[in-house]
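First comes the structure, then the notes that go with it.
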Amino acid sequence: MLIPRFSLRQLLVITTASAIFCYVIAMATRGHQWAMAISIAVSSVLGAFLVYAFLFAGAWVLTLGGRLFTKQNVSASPFATGAPPPQLITPPEDPE
1 MLIPRFSLRQ LLVITTASAI FCYVIAMATR GHQWAMAISI AVSSVLGAFL VYAFLFAGAW
61 VLTLGGRLFT KQNVSASPFA TGAPPPQLIT PPEDPE
């Protein structure tokens, strides 16, 4: 499915949370200490997530680059053979 499904309730919660955060930022620009603390805390958490995402993306690119220069081993089951396994119990014949 190409389009994610969001309910109206989810969109209203996201909109309300964004409005509250924008209000806190507006209070921080006016000099309120509590608003500055909340803004810095939220920004720190978001910044940490961004750093983790960039580190993950960098490690992913390095592993993809490493695969280009190494030999790819085709893994197969050690128990699989080209023929089916022997049948231990013979099936009953259908009387016609």
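1 is the number of the first residue of the sequence shown in the working numbering; add one for each residue after it. Every residue, glycine too, gets a C-beta built ideally from N, C-alpha and C.
With distances taken between CB atoms, is the gap from residue i to residue j smaller than 7 Å?
{"i": "A28", "j": "A35", "result": "yes"}
{"i": "S44", "j": "I25", "result": "no"}
If I follow the unbroken alpha helix (DSSP H) through residue i, where does it start and stop?
{"i": "A83", "result": "Per DSSP, A83 belongs to no alpha helix (DSSP H) and is neither H nor E."}
{"i": "A19", "result": "8 to 29"}
{"i": "S44", "result": "33 to 69"}
Please tell me whether, using a cut-off of 6 Å, the distance from the CB of residue i to the nearest non-hydrogen atom of the ligand FMN is below it.
{"i": "V51", "result": "Among the components modelled here there is no ligand, and therefore nothing to report on the ligand FMN."}
Can you tell which of the options has the C-alpha that lies nearest to the C-alpha of residue i?
{"i": "T70", "options": "S77, L62, A76", "result": "L62"}
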